[in-house]
Each structure stands twice: as structure tokens, then as C-alpha cells.
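When you line the sequence shown up against this note's numbering, it's residues 13 to 81, in that order. For each residue, glycine too, the CB sits at the ideal point set by N, CA and C. A short write-up of the structure that comes next.
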Amino acid sequence: SLAYTFKYFYNPKGELIETRTFNPQGDLTSKLTQHFKTDAYKNWIERIQYTDGKGSYITERTIEYHKSN
């Protein structure tokens, strides 16, 4: 018998934007969504995660770019 089932959804950049969890009966038990803020180079610098519509985590990152000679 199956345990829990997970469905994953990605944006066009290939970033995971949503995970849905279903119990063995097929009922949705949780939904994790992620929103991204990007810099001028289209790299994400902030990721906000929501669990069942409530904010749960914010991850910020700093990317240093170096000019090539």
C-alpha cells in the first residue's frame, strides 16, 4: 500500500515552487509554496516559503559578481 504521495511543481527556470502532499486516501494534507526575488542577473536572492498559506521560512543570499578581464 502507498504511504504519502508528493507532487512537485517547477517554474520555467527549473526552481521548485510548490510541493503538495497527499495521504494514502488521496486527500491533500499540506502545500508548501515558494516565491523568489531575483537580482539583475536573474539569480534568486530571497526565497520565501509558505506552508499551507502561512509564512514559514525566509532565506536570503548574497551573490558577489566579479568582472572578468
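Of the listed residues the options, nearest to residue i (C-alpha basis)
i, options, result
"Lys25", "Arg32, Ser68 and Thr50", "Thr50"
"Gly65", "Glu72, Asp39, Trp56 and Thr31", "Thr31"
"Asp39", "Gln61, Thr71, Tyr16 and Thr63", "Tyr16"
Cut-off 6 Å between Cβ atoms - residues of its own chain near residue i, not counting five sequence neighbours on either side
i, result
"Ala52", "none"
Residues of its chain near residue i, where Cβ-Cβ distance is below 7 Å and the 5 sequence neighbours each way are ignored
i, result
"Leu28", "Tyr20, Tyr22 and Gln46"
"Arg73", "Ile57"
"Leu14", "Pro36"
Between the segment 72 to 81 and the segment 36 to 48, can you find at least three pairs of beta-carbon atoms closer than 8 Å? Between the segment 36 to 48 and the segment 72 to 81 there are fewer than three inter-stretch CB-CB distances shorter than 8 Å, so the stretches are not counted as touching.
Length-filtered (3 minimum) beta strand (DSSP E) runs lying within the segment 16 to 76: For secondary structure counted as the beta strand (DSSP E) over 3 or more consecutive residues, the segment 16 to 76 holds these complete runs in sequence order: 17 to 22, 28 to 34, 40 to 50, 56 to 63 and 66 to 72.
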